[in-house]
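Peer 1:
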Amino acid sequence: MKTKRKSRLFLTLILAFFLAACSNSEQENEQAIVNERTKTENSSSEGHSSGHEGMNHSGSREVPEELRVAENPTFEVGSQAVITSDHMEGMKDAEATIVGAFDTIVYTISYTPADGVERVTNHKWIIHEEIKDASDQPYQPGDEVTVEANHMEGMENVTAEIDSAEPTTVYIVDFTTTSGEKVINHKWVTESELSAK
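Heads up: the sequence shown at position 52 corresponds to 89 in my numbering, and the numbers run straight through without jumps.
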């Protein structure tokens, strides 16, 4: 009789422990789902309202064939400069190494990403050579173009509206953000966004 009672008590304890563990596991799973959903929503809304959170900050040194190397850039390849812009968190005041310098026309653009999420406005920058079938003449604010650049998710092959256009020297740069993130071959920083070290 005592053995049966002990067995029942033991089974009851195991069952109670198992149910408690399942309950905790379900709560943890639900919390993880909520956290992930919140994180996704935050990054989505931040990324598209600022226009740079979803950006591929590092890239390759590959540039369009027709892009013209700057003959006398203010900041020569291999030199150091300080970034004065804030396309991304931790970029402003970072020390940059100049990797490439090119003369072109830069544009700010507004577009709806291919994934259909919130519209990106005044994205800096794409260059003339990153526009599909680019004309010989610069585009003007209000013109619509097809983007060949893939600086951000959902950017490539979308129709964008030109917000501004400026002939200038653009740079590819390497830098480390103020939070310690190393960024390689970042495209693009304009001449006005750099200052002498």
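Cβ coordinates follow ideal geometry from the N, Cα and C atoms, glycine included. Note that this is a predicted model, so its numbers are computed, not measured.
According to DSSP, V100 sits in a beta bridge with which residue or residues?
Peer 2: Per DSSP, none; premise fails for V100.
Peer 1: Here's the rule: buried if 16 or more other CB atoms are within 10 angstroms of the residue's CB, otherwise exposed. What is P204?
Peer 2: exposed
Peer 1: My understanding is that T134 touches V210, with C-beta atoms under 8 angstroms, so please give their C-beta distance in whole angstroms.
Peer 2: 7 angstroms
Peer 1: Between which two residues does the beta strand (DSSP E) carrying D211 extend?
Peer 2: Unbroken beta strand (DSSP E) run through D211: 196-213.
Peer 1: Name the DSSP beta bridge partners of T121, please?
Peer 2: DSSP output for T121 lists no bridge partner at all.
Peer 1: If I follow the unbroken beta strand (DSSP E) through T141, where does it start and stop?
Peer 2: 132-148
Peer 1: Verify whether the separation of the beta carbon atoms of Q177 and I199 is less than 8 angstroms.
Peer 2: yes
Peer 1: Does S116 come out as helix, strand or coil in the three-state DSSP assignment?
Peer 2: coil
Peer 1: Can you give me the Cβ contacts of S116 inside the same chain, cut-off strictly under 6 angstroms, excluding the 5 residues immediately before and after it?
Peer 2: I135
Peer 1: Can the beta-carbon of F139 be found less than 8 angstroms from the beta-carbon of A171?
Peer 2: no
Peer 1: Which class does E185 belong to by DSSP, given the choice of helix, strand or coil?
Peer 2: coil
Peer 1: Evaluate T196 with the Cβ neighbour count: other Cβ atoms within 10 Å of its Cβ, from every protein chain shown; 16 or more gives buried, anything less gives exposed.
Peer 2: exposed
Peer 1: Do I120 and E218 come within 8 angstroms of each other at the CB atom, strictly closer than that value?
Peer 2: no
Peer 1: May I ask which residues mark the beginning and end of the beta strand (DSSP E) holding V226?
Peer 2: 219-227
Peer 1: Going by the beta-carbon positions, is the gap between T206 and E228 smaller than 8 angstroms?
Peer 2: yes
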